[in-house]
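First up is the structure itself, then whatever we jot down about it.
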Amino acid sequence: MVQLNTKIGSLELKNPVMTASGTFGYGTEYADFMDINRLGAIIVKGTTLNPRQGNAYPRMAETPSGMLNAVGLQNKGVDYFVDHIYPEVRKFQTNVIVNVSGSCIEDYAQCASIINTLDDIPAIELNISCPNVKQGGMAFGVRPESAAQVVSAVRKAYDKILIVKLSPNVTDITEIARAVEGAGADSVSLINTMLGMAIDAEKRKPILSTITGGMSGPAVKPVALRMVWQTAKAVKIPVIGLGGICSATDAIEFLLAGASAIQIGTANFIDPAISEKVVDGIEEYLTRHGFNSVQDIIGALE
Amino acid sequence: MLVADNRLVGPCATLLTLQYPGELPEMVAGQFAELQVPTAKVLLRRPISIHAIDRERNLVEFLIQIVGEGTQSLAELKQGDKVNVLLPLGNGFSYRTTHVARPLLIGGGVGVAPLLFLGQKFAAHGIRPTFLFGGRTEGLILRKEEFRKYGDLFMTTEDGSAGEKGFVTNHSLLMDSESFDRIFACGPTPMLKAVAKWAKEHETACEVSLEHRMACGIGACLCCVEDTADEGNVCVCKEGPVFNIDRLKWFN
Ligand SMILES: Cc1cc2nc3c(=O)[nH]c(=O)nc-3n(C[C@H](O)[C@H](O)[C@H](O)COP(=O)(O)OP(=O)(O)OC[C@H]3O[C@@H](n4cnc5c(N)ncnc54)[C@H](O)[C@@H]3O)c2cc1C
Ligand SMILES: Cc1cc2nc3c(=O)[nH]c(=O)nc-3n(C[C@H](O)[C@H](O)[C@H](O)COP(=O)(O)O)c2cc1C
Ligand code: FES
Numbered sequence: 043m044v045q046l047n048t049k050i051g052s053l054e055l056k057n058p059v060m061t062a063s064g065t066f067g068y069g070t071e072y073a074d075f076m077d078i079n080r081l082g083a084i085i086v087k088g089t090t091l092n093p094r095q096g097n098a099y100p101r102m103a104e105t106p107s108g109m110l111n112a113v114g115l116q117n118k119g120v121d122y123f124v125d126h127i128y129p130e131v132r133k134f135q136t137n138v139i140v141n142v143s144g145s146c147i148e149d150y151a152q153c154a155s156i157i158n159t160l161d162d163i164p165a166i167e168l169n170i171s172c173p174n175v176k177q178g179g180m181a182f183g184v185r186p187e188s189a190a191q192v193v194s195a196v197r198k199a200y201d202k203i204l205i206v207k208l209s210p211n212v213t214d215i216t217e218i219a220r221a222v223e224g225a226g227a228d229s230v231s232l233i234n235t236m237l238g239m240a241i242d243a244e245k246r247k248p249i250l251s252t253i254t255g256g257m258s259g260p261a262v263k264p265v266a267l268r269m270v271w272q273t274a275k276a277v278k279i280p281v282i283g284l285g286g287i288c289s290a291t292d293a294i295e296f297l298l299a300g301a302s303a304i305q306i307g308t309a310n311f312i313d314p315a316i317s318e319k320v321v322d323g324i325e326e327y328l329t330r331h332g333f334n335s336v337q338d339i340i341g342a343l344e
Numbered sequence: 008m009l010v011a012d013n014r015l016v017g018p019c020a021t022l023l024t025l026q027y028p029g030e031l032p033e034m035v036a037g038q039f040a041e042l043q044v045p046t047a048k049v050l051l052r053r054p055i056s057i058h059a060i061d062r063e064r065n066l067v068e069f070l071i072q073i074v075g076e077g078t079q080s081l082a083e084l085k086q087g088d089k090v091n092v093l094l095p096l097g098n099g100f101s102y103r104t105t106h107v108a109r110p111l112l113i114g115g116g117v118g119v120a121p122l123l124f125l126g127q128k129f130a131a132h133g134i135r136p137t138f139l140f141g142g143r144t145e146g147l148i149l150r151k152e153e154f155r156k157y158g159d160l161f162m163t164t165e166d167g168s169a170g171e172k173g174f175v176t177n178h179s180l181l182m183d184s185e186s187f188d189r190i191f192a193c194g195p196t197p198m199l200k201a202v203a204k205w206a207k208e209h210e211t212a213c214e215v216s217l218e219h220r221m222a223c224g225i226g227a228c229l230c231c232v233e234d235t236a237d238e239g240n241v242c243v244c245k246e247g248p249v250f251n252i253d254r255l256k257w258f259n
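These protein sequence lines are chains U and G, in that order.
Counted from 1, the first sequence has number 226 at position 184 by our numbering; the numbering is strictly sequential.
Counted from 1, the second sequence has number 238 at position 231 by our numbering; the numbering is strictly sequential.
Spelled out as structure tokens, the structure:
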């Protein structure tokens with residue numbers, strides 16, 4: 043039996059496989075296709091203090107080996123989450139992590155403090171990297187000073203595991219990672235989507251209502267892998283890797299690059315049972331290579 | 008699922024028949040499937056309406072218009088090939104709960120696809136529906152003979168090659184608004200909006216099936232939204248694809 047368990051700070055995961063925010067709904071959408079409880083964690087939709095309608099349709103464009111989205115953090119607000127969604131998701135026998143977003147520092151902190159009161163939510167993932175909202179979101183995550191400011195404010199309001207999700211739309215991601223580590227983050231996850239654009243040549247119009255959107259899927263994997271490798275060397279806190287993971291092999295590459303855990307995003311849309319298959323695939327790889335534990339391959343790039 | 012048959016049924020349309028492993032689940036007309044496309048050029052699944060089913064042999068039919076890489080690749084599937092399919096998805100037409108005696112089924116282009124299944128359902132309830140289909144030209148109105156098995160078929164074409172010349176909303180059938188008690192429509196959005204406008208003006212109940220761009224097809228990604236009067240943006244894949252026009256904010 044190989045050991046698949048891993049840790050994000052003091053948070054124990056039964057295996058390193060999580061699902062990425064915004065791509066897995068609240069988990070319940072996938073319950074017909076797989077056993078959610080086999081995952082290390084699920085990260086639910088971006089949640090904000092107040093309800094948000096999100097951006098206008100069209101919000102999606104397929105691109106070669108990838109997709110652009112411009113959802114814009116549509117959600118019913120944290121109070122709705124507490125009253126209506128938390129009672130359902132707390133039943134899962136896996137870690138449920140809430141992705142928190144906001145348009146100003148006070149909103150981030152207040153939203154986090156409300157989630158702090160929920161016993162069965164062991165961690166939050168702070169989204170300072172959403173490219174699809176006019177205010178806040180990525181604006182905080184592209185400069186080390188503002189990133190540190192929002193993380194410090196949330197740190198004061200939140201005493202469980204604080205994961206900070208980083209934007210790839212920066213010159214040096216390690217600089218931001220170090221800044222949020224200094225401000226009290228327990229872990230960083232990367233990457234969020236890359237800013238992109240799609241045009242319909244026949245109509246001479248942009249495809250997305252917001253013109254630009256966030257790119258994800260296999261096309262971003264090489265960039266994500268590079269950033270995870272750089273960041274894992276630059277910080278002491280655990281790194282969670284994501285961006286284009288579609289198979290156990292992809293996941294293992296991120297672990298080798300130094301990620302302590304990984305997330306699966308866009309691939310859930312193609313195969314709703316993929317995350318469970320990745321758990322099995324990692325186990326198979328470890329057995330085949332004679333490793334006792336997944337820890338043996340984290341950062342083990344030769 | 009295995010491909011039982013796949014053949015061209017029009018200039019740019021294919022009829023794909025898949026064999027369901029085991030007994031077909033309950034399916035409502037207007038529901039759809041997400042088909043994984045067998046080419047690396049396409050990443051996401053493609054949403055396709057359930058065109059017809061054969062309960063005895065556990066077959067599902069899809070009528071697919073070839074418009075790009077994904078649909079082209081689905082058209083190239085051969086008998087015996089495997090396709091990964093999620094089905095049935097979404098909410099279909101509400102022919103069960105409402106008392107419909109004189110249904111009018113309006114289709115534009117490949118939007119006729121879900122209306123065969125709906126026609127079969129009405130036929131099973133002893134109702135012979137009226138089909139009104141619009142297309143640019145006669146050849147683009149698909150599977151006419153098949154539809155005629157279940158109901159009366161009327162057409163409009165833009166070039167006048169079949170039926171009346173013009174758009175569906177100009178057809179003489181609609182002169183007498185009392186002839187129908189519920190409209191079920193599927194097709195391009197401008198056509199659906201014209202049909203919905205007619206239905207509103209003539210106080211006829213109307214349901215439309217929307218074809219928004221989708222990523223997940225199961226309500227997880229929020230890419231496929233339509234604005235509604237009661238709940239704001241809702242997912243077409245999960246709350247739809249069929250909506251009662253009273254829910255949509257098309258006229259205000
Ligand atoms: C619920 C639902 C049911 C459907 N049922 C059927 C069906 O029964 N038969 C059928 O043939 N098609 C159906 N469609 C449409 C079908 O999904 C698309 O035609 C298909 O995904 C196109 O894939 P492609 O790779 O061939 O084309 P792409 O390369 O993706 O696109 C080709 C062209 O079509 C445009 N396009 C593609 N999808 C959309 C869209 N949703 N809205 C506006 N423009 C678009 C693109 O911009 C491009 O110009 C349905 C769609 C939905 C949402
Ligand atoms: C439709 C969609 C919605 C997303 N919503 C969020 C979100 O609410 N919060 C967030 O932090 N990231 C969000 N993301 C980003 C993903 O969590 C992930 O960082 C990104 O897609 C890269 O991973 P992938 O290539 O595996 O999809 C979203 C991505 C997609 C495709
Ligand atoms: S396609 Fe993902 S929510 Fe509808």
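C-beta: ideal position from N, C-alpha, C; glycine also.
For clarity, every value in this text was computed on a predicted model and none was experimentally measured.
For A36(G), no Cβ of chain U is located within less than 9 Å of the residue's own Cβ. About 5 Å separates the beta carbons of I304(U) and G283(U), which is inside the 8 Å limit, making them a contact pair. In the three-state scheme derived from DSSP, where H, G and I count as helix and E and B as strand, G323(U) is classed as helix. Here the alpha carbons of P110(G) and Y72(U) stand approximately 36 Å from one another.
Annotated as proximal: A192(G) and A203(G), with beta-carbon spacing under 9 Å.
DSSP lists M257(U) as the bridge partner or partners of M236(U). Annotation: G170(G) is outside any beta strand (DSSP E) and is labelled neither H nor E by DSSP. Taking K256(G) as the centre and dropping the five residues before and after it, the same chain places the C-beta of D234, T235 and A236 closer than 8 Å to its C-beta, in chain order. Apart from the 5 residues on each side of it in sequence, G87(G) sits with its Cβ closer than 8 Å to the Cβ of L9 and V10 in its chain, given in chain order. Here the distance from the Cβ of R14(G) to the nearest heavy atom of ligand 1 is not below 8 Å.
Residues of the segment 100-111 of chain U with a C-beta atom less than 7 Å from some C-beta of chain G are P100, R101, M102, E104, S107, G108, M109 and N111, listed in chain order. E41(G) is not a Cβ neighbour of I57(G), given a cutoff of 9 Å.
Taking one beta carbon from each stretch, the segment 157-176 of chain G and the segment 80-98 of chain G have fewer than 3 pairs nearer than 8 Å; the two do not touch. The beta carbon of C153(U) is closer than 7 Å to those of T89, T90, L91, V120, V142 and G144 in its chain, skipping five residues each way along the sequence.
For the segment 205-230 of chain G, the set of positions with a beta-carbon nearer than 7 Å to some beta-carbon of chain U reads H219, R220, A222, C223, I225, G226, A227, C228, L229 and C230 in chain order. Nothing from the segment 118-130 of chain U brings a Cβ to less than 8 Å from some Cβ of chain G. With fewer than 16 other Cβ atoms from the protein chains shown falling within 10 Å of its own Cβ, N334(U) counts as exposed.
The segment 179-207 of chain U contains, as complete alpha helix (DSSP H) runs of 4+ residues, the segments 180-183 and 186-199 (chain order).
Here G114(G) carries a strand assignment [DSSP, helix/strand/coil].
Using beta-carbon distances, D159(G) does not count as an interface residue toward chain U, since no partner is under 9 Å. Contact of D234(G) with chain U is assigned, a C-beta pair being separated by under 9 Å. Taking 9 Å as the Cβ-Cβ cut-off, the segment 296-319 of chain U approaches chain G at T308, N310, F311, I312, D313 and P314, given in chain order. G259(U) reaches chain G at L50, counting residues in chain order whose Cβ is nearer than 8 Å. The nearest non-hydrogen atom of ligand 2 is less than 8 Å from the C-beta of A266(U). For E244(U), not one C-beta of chain G is nearer than 9 Å to its own C-beta.
Secondary structure at N334(U): coil, using DSSP grouped into helix, strand and coil. With a cutoff of 8 Å, G69(U) does not count as near ligand 2, since its C-beta is closer than that to no heavy atom of the ligand. Two segments are said to touch when three or more pairs of C-beta atoms, one from each, lie closer than 8 Å; by this definition the segment 74-89 of chain G does not touch the segment 150-159 of chain G. Taking 9 Å as the cut-off, the beta carbon of N158(U) is found no closer than this to the beta carbon of M180(U). If the five residues before and after F138(G) are omitted, its C-beta is found closer than 6 Å to the C-beta atoms of L112, F154, G158 and L160, all from its own chain and listed in chain order.
Chain order gives the chain G residues near V113(U) as C228, L229 and C230, where near means a beta carbon separation below 8 Å.
Interface flag for L93(G) against chain U is set, since a Cβ pair is found closer than 9 Å.
When DSSP states are grouped into helix, strand and coil, Q43(G) belongs to the coil group. Judged by the Cβ position, G142(G) fails to qualify as a neighbour of ligand 1 at the 8 Å threshold, every heavy atom of the ligand being at least this far.
In this structure V184(U) does not touch R220(U) by the C-beta definition: roughly 15 Å separates them, more than the 8 Å allowed. Contact between the segment 97-108 of chain U and the segment 220-232 of chain G is present, with at least three C-beta pairs closer than 8 Å.
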